[in-house]
Amino acid sequence: MKYIFLLMFVPLFAMAQHKPTNQNLFDTIAFIPEHTVQRLAEFKKHPVTTGGIMFLGNSITEMGNWAGILKDTTVVNRGIGGDITYGLLKRLDDVTIRKPKKIFLLIGINDIGKDIPDSVIAYNHAMIVREIHAKSPDTKIYVESILPLNPTMPHFPQHYDKAEHIPRINKMLQANATALNYTYINLWPIFADKSGLLKAELTAEGLHLKPAAYEIWVAYLKKLKYL
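Residues -16 to -1, 1 to 211 (mature numbering (1 follows the signal peptide of the UniProt record, and there is no 0)) make up the sequence shown, in order.
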């Protein structure tokens, strides 16, 4: 618990320290992209069903055909391309009202791309988990590691070339799993090559995944008996 206590307060300090020099952090909180507006409007049209499996995150989640791969039409995809931890925090009511049996959460790479501090990203993960536990206490939460990148690929978006932040955040997510009552899933064994880069055969441009990668992902979750 000592580690969590420290973690919960460091990000507040970090935000204060970054406020004068990192305007992107605060601009991002207020700005809502058009794609997010469209996705949220689409979500509102869906009937509220409870007790299913939900995949929650950004474009990496949104692009996954989870229901198709799992052959289960009740699986819910709550990925929004471009989303960050702040955006996800704002839309959790749509998540918790559905009282999912399981949530697989992957978020953070867009935060890194916007230079949001590592400690703030980890703090926001904690806030997401806590709110889900508070409003949907029977939901089993799986927090997945932020995926590796491969900046050697053609058309790699260079503003994401900040891979050094990923292992630091993942270590915090892993360290907090017990105290915050979630299961941490390390996805690096299936996605990283020997150099620690996202496997070239699994990615389109070094950031997003090809359809085959999702098949491998689901098979891995099944192997771990999480699905």
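Note that beta-carbon positions come from the ideal geometry of N, C-alpha and C, so glycine has one too.
Quick check: what's the CA-CA separation for residue i versus residue j?
i	j	result
residue 39	residue 22	18 Å
residue 129	residue 172	8 Å
residue 157	residue 168	7 Å
residue 12	residue 97	Note on residue 12: pLDDT 48, under 50, position unreliable in the model; the coordinate value appears next. Taking the straight line from one Cα to the other gives about 11 Å.
residue 145	residue 133	8 Å
residue 165	residue 120	13 Å
residue 148	residue 93	12 Å
residue 187	residue 200	12 Å
residue 162	residue 116	16 Å
residue 150	residue 101	11 Å
residue 183	residue 63	22 Å
residue 170	residue 30	31 Å
residue 196	residue 46	15 Å
residue 75	residue 25	12 Å
residue 225	residue 65	Shown here, the chain extends from -16 to 211; a query on residue 225 therefore has no answer.
residue 203	residue 55	13 Å
residue 208	residue 99	33 Å
residue 206	residue 178	24 Å
residue 154	residue 19	27 Å
residue 152	residue 194	26 Å
residue 59	residue 85	10 Å
residue 17	residue 80	23 Å
residue 175	residue 118	32 Å
residue 103	residue 185	32 Å
How about residue i and residue j: are their beta carbons less than 8 Å apart?
i	j	result
residue 36	residue 89	no
residue 82	residue 32	yes
residue 123	residue 91	no
residue 44	residue 131	yes
residue 27	residue 78	yes
What three-state label does DSSP hand residue i in the structure shown?
i	result
residue 193	strand
residue 202	helix
residue 175	helix
residue 27	helix
residue 52	helix
residue 69	helix
residue 124	strand
residue 133	coil
residue 114	helix
residue 100	coil
residue 45	helix
residue 168	strand
residue 162	coil
residue 40	strand
Rounded to whole angstroms, how far is the Cβ of residue i from the Cβ of residue j, which I believe are closer than 8 Å?
i	j	result
residue 190	residue 135	6 Å
residue 198	residue 49	7 Å
For this session: Spell out a yes or no on whether the region 89 to 109 and the region 62 to 77 are touching, meaning 3 or more CB-CB pairs, one atom from each, closer than 8 Å.
Result: Yes: the two stretches touch, three or more of their Cβ pairs being nearer than 8 Å.
Exercise. Taking contact to mean at least 3 C-beta pairs separated by less than 8 Å, is the region 136 to 143 in contact with the region 119 to 127?
Worked result: Short answer: they don't touch.
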